[in-house]
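Using my numbering, read the sequence shown as starting at 2 and increasing by one per residue.
Virtual Cβ for every residue (Gly too), placed ideally from N, Cα, C.
So the structure is just underneath, and the comments pick up after that.
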Amino acid sequence: MGRVPTARHGLIGGGPARDVDSLDRVDMSELRTVLTPEALRAIDELGEIGSTDAAARAVLRLRAEGRSPDFVSAVVGQARLRTKGRAKFGEFADRMLFTRAGLEQATRLGVAARHAGRMRSAGIGHVSDLGCGIGGDALAFAGAGLRVTAVDADEVTAALAAYNLAPFGSDVEVRHGFAEDHASLVAGDGAAAVWLDPARRTAGHSETRRVSADDYSPSLDWAFALAERVPTGIKLGPAHDRDAIPADVEAQWVSADGDVVELVLWSGSLAREGVRRAALVIRGDRAHELTAPADTEDAEVRELCAYVHEPDGAVIRARLIGDLARRLDAGMLDPHIAYLTSDAPADSPFAASFRVREVLPMNPKAIGAALKKAGIGRLEIKKRGVDVDPAAFRKKLNLRGSGEATLILVRIGDKRHALLADRV
2 MGRVPTARHG LIGGGPARDV DSLDRVDMSE LRTVLTPEAL RAIDELGEIG
52 STDAAARAVL RLRAEGRSPD FVSAVVGQAR LRTKGRAKFG EFADRMLFTR
102 AGLEQATRLG VAARHAGRMR SAGIGHVSDL GCGIGGDALA FAGAGLRVTA
152 VDADEVTAAL AAYNLAPFGS DVEVRHGFAE DHASLVAGDG AAAVWLDPAR
202 RTAGHSETRR VSADDYSPSL DWAFALAERV PTGIKLGPAH DRDAIPADVE
252 AQWVSADGDV VELVLWSGSL AREGVRRAAL VIRGDRAHEL TAPADTEDAE
302 VRELCAYVHE PDGAVIRARL IGDLARRLDA GMLDPHIAYL TSDAPADSPF
352 AASFRVREVL PMNPKAIGAA LKKAGIGRLE IKKRGVDVDP AAFRKKLNLR
402 GSGEATLILV RIGDKRHALL ADRV
């Protein structure tokens with residue numbers, strides 16, 4: 002469990018060539034190829050590779066230059082991952098190295114920066130990132146001026162984290178090992194905290210799929226016990242079982258540009274006094290938050306009004322819909338459906354508003370006729386509480402025209418409705 006070598010050590014070796022579709026997987030032999038000055042220069046020179054065709058062209062060009070199959074696979078794979086990484090890391094991705102799984106599970110840099118800000122505000126000076134992955138969160142912590150010890154159980158991933166965090170010098174130490182073996186790093190340090198992003202054991206991990214406590218490594222029992230002793234942030238999937246959330250932590254659901262990306266449980270000095278439920282909504286470089294001491298009571302049901310409001314997914318996950326409804330002077334469209342309704346549009350970052358044009362029966366023929374009459378050729382379809390495949394439903398509508406609208410398919414009480422509306 003010694004310290005992993007950074008890029009300057011120039012690891013050597015090779016591995017079998019692979020087809021273009023597998024270029025974004027990384028093993029130890031490929032890592033040894035990537036971490037050489039020659040390979041790193043070649044990755045920089047390739048620039049953006051945003052498609053399989055572009056990757057194939059890059060492979061052909063490098064092979065024509067006499068490069069080995071191992072070298073080509075490693076270099077093109079990393080150039081492809083860097084291109085994908087810009088969505089999360091912006092220009093920082095252009096000097097980073099990735100694995101596909103590490104990139105998929107990494108926290109977006111803008112979100113991680115807000116976590117780092119919370120650490121600083123709580124007086125934290127040293128963060129142990131136990132399960133650091135490719136180093137996305139540690140990058141933000143170090144960028145905020147915190148000292149970081151980053152640990153990952155996977156040797157390849159830890160080596161890539163060491164490369165990605167190398168610009169911070171001695172302020173960051175990367176170790177290869179298990180989180181459970183490094184928890185003692187923070188014992189007795191009053192200015193220290195832990196960040197945990199437990200690995201999901203399940204294949205095909207989806208952030209929106211409900212994940213149980215047994216799906217994580219290290220186990221959540223271990224993580225929660227650690228959080229009782231040390232200020233801790235634990236990143237989980239947003240669909241995590243709410244019944245498994247400890248009562249004494251702050252649960253914060255985070256959405257970024259419309260996608261609910263994570264649930265973070267904060268303990269100790271990292272948890273805000275009187276806050277147990279929070280919805281953090283990030284749009285570009287701006288952030289807004291709803292907080293409450295517990296789940297809020299839903300608002301009363303109201304007859305359909307001129308506007309329908311769709312709460313942000315983080316607000317729904319945090320069960321703060323009732324609080325939002327009262328802020329908007331709105332009611333629930335149905336007691337079991339997360340739509341609100343009122344006579345005015347919502348001027349709120351926590352909800353999208355739609356002006357209702359017409360209420361239609363949920364019949365494709367009747368809806369199609371109404372769309373044709375209105376000249377609607379571009380249609381956004383939303384659904385809630387109805388068993389409908391929007392893509393299949395769209396094919397039945399024979400859309401034509403230059404207009405656009407939103408179709409909200411929703412159950413209200415025991416009836417299904419189609420609300421033809423305009424996004425405000």
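query: Cβ-based burial, residue 120 [other Cβ within 10 Å; buried from 16]; result: buried
query: Meets three-Cβ-pair contact criterion under 8 Å: the region 331 to 344 and the region 272 to 281; result: no
query: Among 221, 399, 127, the one whose alpha carbon lies nearest that of residue 374; result: 399
query: Buried/exposed call for residue 251, threshold 16 Cβ in 10 Å; result: buried
query: Contact between the region 404 to 420 and the region 381 to 393 (3+ Cβ pairs under 8 Å); result: yes
query: Spatial distance of residue 243 from residue 104 (CA atoms); result: 26 Å
query: Own chain, CB closer than 6 Å to residue 350, minus 5 neighbours either side, in chain order; result: 282, 289
query: Strand pairing of residue 236, partner residues [DSSP]; result: 265
query: Unbroken beta strand (DSSP E) run spanning residue 289, endpoints; result: 287 to 293
query: Residue 4 to residue 177 span [Cα, whole Å]; result: Reliability fails at residue 4, whose pLDDT of 35 lies under 50, so the model's placement of it is uncertain and no value is given.
query: Helix, strand or coil at residue 120 according to DSSP, with G and I counted as helix; result: helix
query: The beta strand (DSSP E) enclosing residue 247, as first and last residue numbers; result: Per DSSP, residue 247 belongs to no beta strand (DSSP E) and is neither H nor E.
query: Residue 335 in three-state terms, based on DSSP; result: strand
query: Closest Cα partner of residue 36 within the set 233, 97, 67; result: 97
query: Limits of the unbroken alpha helix (DSSP H) element including residue 369; result: 365 to 375
query: Coil, strand or helix - residue 359 by DSSP; result: strand
query: C-beta atoms of residue 225 and residue 247 nearer than 8 Å; result: yes
query: Where residue 343 falls: helix, strand or coil (DSSP); result: strand
query: Neighbourhood of residue 425 by C-beta, 7 Å cutoff - its chain only, sequence neighbours within 5 removed; result: 346, 354, 355, 356
query: Which of helix, strand or coil DSSP assigns to residue 407; result: strand
query: Straight-line gap, residue 152 to residue 330 (C-alpha atoms, nearest Å); result: 48 Å
query: Three-state secondary structure (DSSP) of residue 219; result: coil
query: CA-to-CA distance, residue 140 to residue 166, given in whole angstroms; result: 6 Å
query: Separation of residue 145 from residue 319, as counted between CA atoms; result: 28 Å
query: Cβ-based burial, residue 256 [other Cβ within 10 Å; buried from 16]; result: buried
query: Continuous beta strand (DSSP E) stretch holding residue 152: start and end; result: 148 to 153
query: Neighbour-count burial assignment, residue 333, 16 or more Cβ in a 10 Å radius; result: buried
query: Assigned exposure category for residue 360 - 16 Cβ within 10 Å defines buried; result: exposed
query: Same chain only: Cβ atoms within 7 Å of residue 183, ignoring 5 sequence neighbours per side; result: 129, 131, 152, 176
query: Helix, strand or coil at residue 28 according to DSSP, with G and I counted as helix; result: coil
query: Terminal residues of the beta strand (DSSP E) in which residue 128 lies; result: 127 to 131
query: Rounded straight-line distance, which links the Cα of residue 335 to that of residue 302; result: 6 Å
query: Residue from 160, 229, 162 whose Cα sits closest to the Cα of residue 194; result: 229
query: Classification of residue 379 by the beta-carbon crowding that lies within 10 angstroms, buried from 16 upward; result: exposed
query: Check whether residue 414 and residue 397 have beta carbons under 8 Å apart; result: no
query: Same chain, Cβ closer than 6 Å to residue 292, neighbours up to 5 away in sequence not counted; result: 276, 279
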